[in-house]
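See below for the structure under consideration.
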Amino acid sequence: MNIYTNTLRRLSWRFFTLTVVTYNNVIKVFGKAGEIEKMDPHFLKMKHLGVEPNSITYCSLVSAYSKVGRIDKVDPIMRHVEHSDVVLDTPFFNFIISAYGQAGDLRKMSVLFLAMRERKCEPDNITFACMI
Numbered sequence: 001m002n003i004y005t006n007t008l009r010r011l012s013w014r015f016f017t018l019t020v021v022t023y024n025n026v027i028k029v030f031g032k033a034g035e036i037e038k039m040d041p042h043f044l045k046m047k048h049l050g051v052e053p054n055s056i057t058y059c060s061l062v063s064a065y066s067k068v069g070r071i072d073k074v075d076p077i078m079r080h081v082e083h084s085d086v087v088l089d090t091p092f093f094n095f096i097i098s099a100y101g102q103a104g105d106l107r108k109m110s111v112l113f114l115a116m117r118e119r120k121c122e123p124d125n126i127t128f129a130c131m132i
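Taking full-length UniProt numbering, the leading residue of the sequence shown gets 1, the next gets one more, and so forth.
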């Protein structure tokens, strides 16, 4: 995975502005590999440099934390997103509901499903599949 970090470093040195898309890809790669200790610094650097995370960023974080059993990291993400400009859309809720489902927290899944409906966010087939 060092190849991704080194490539990112080289790109930023060579007149290339790192965008939210660039960071999202790096976060997603480390997250899918379960390498949270390498993913987190890139997320922090992204925010430090003023690159605003979007829904895709947060979905990647939730997916990664869920994958490694760090459900304790999901609630702070949800609170942060609620107080940001990021739109809480159906895919975002699906990622959160799925994470709590994998952790076996049926109560939290129900609360999120109701919150989703309150925010006029329509559940889709993926939402219902997560709830089952």
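The beta-carbon is built from N, C-alpha and C at its ideal position, and this holds for glycine as well. Keep in mind the model is a prediction, meaning the values are calculated, not measured.
Per the coordinates, the alpha-carbon of Lys120 lies some 29 Å from the alpha-carbon of Phe43.
For Ser98, the three-state secondary structure derived from DSSP is helix.
The Cβ atoms of Met46 and Ala64 do not sit closer than 7 Å to each other.
If you draw a 10 Å sphere on the C-beta of Asn125, you find fewer than 16 other C-beta atoms in it, and that means exposed.
Within the segment 70 to 121, the alpha helix (DSSP H) runs of at least 4 residues that lie entirely inside it are, in chain order, 74 to 82, 90 to 102 and 106 to 118. Thr17: not part of any alpha helix (DSSP H); DSSP gives it neither H nor E. Per the C-alpha coordinates, the member of Leu112, Phe113 and Thr90 positioned closest to Ile56 is Thr90. For Ile97 and Lys108, the gap between their C-alpha atoms comes out near 8 Å. Excluding five sequence positions before and after Thr127, the CB atoms of its chain that fall closer than 8 Å to its own CB belong to Thr90, Phe93, Asn94, Ile97, Phe113 and Met116, given in chain order. Counting the other CB atoms within 10 Å of its CB gives Leu61 a total of 16 or more, which places it among the buried residues.
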